[in-house]
Structures are given as structure tokens and as C-alpha cells.
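Heads up: the structure comes next, in C-alpha cells.
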Amino acid sequence: MVSNMKELCEYSKQKKLARKHHHQQMIKIHGECSGLTDKEYKKSTVRQKKSFPQQYKFTHNKMWRTSIKKYSVEQLRIIAK
């Protein structure tokens, strides 16, 4: 491979040129990249995350089941433990 910085710079320059040449050849063959058509966009599905954070579950569910009770800060600390 390379043994010093000059060779490394030259190697990376050659790799960039080779990548550029390959990309230009692919554009000549297949044409330029374009976005999805409406039909393709509507056909594609995006999967979402399957597990969602549970950290706020108590304050959104159990705490407000009965709105009669009034919780103080001390009670909330005890319940949260």
C-alpha cells in the first residue's frame, strides 16, 4: 500500500478520479438520478419504530385515572418509587 503521506495523498487523489470516472460512465449508461414518481412514492412504505419510550407512562395514565385525588410532591415521590 502506501508508506508515506505523499503516496497517501496521491493514492486518494487517484481513487477519487476513478470513482468520478465510474460515476460518469454510469450516468452515460443509465441517465441521471431522479426522484421517485408519484406511483413509486405511493407504493413505498416506511416502517416505524416498534418500541416506544415508557418513561412517562405513570404521569400520563395512573396518576390521572381518578381526578378526585390531589397529589402532593411528597406523595408523587413515594408513588414513583
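Be aware that the sequence shown starts at 56, since it is given in this note's numbering, and climbs by one per residue.
Glycine is no exception: its CB is placed at the ideal position from the N, C-alpha and C atoms.
Fair warning: this is a prediction, and the values are worked out from it, not measured in the lab.
In the three-state reduction of the DSSP assignment, Gln79 falls in the helix class. Arg102 has its alpha-carbon roughly 32 Å from the corresponding atom of Arg74.
Following the DSSP letters along the chain, one finds Glu95 inside the alpha helix (DSSP H) bounded by residues 93-98. In this structure, the CA atom of Tyr66 is about 28 Å from the CA atom of Cys88.
Gly90 and Ser106 have their C-alpha atoms some 31 Å from each other.
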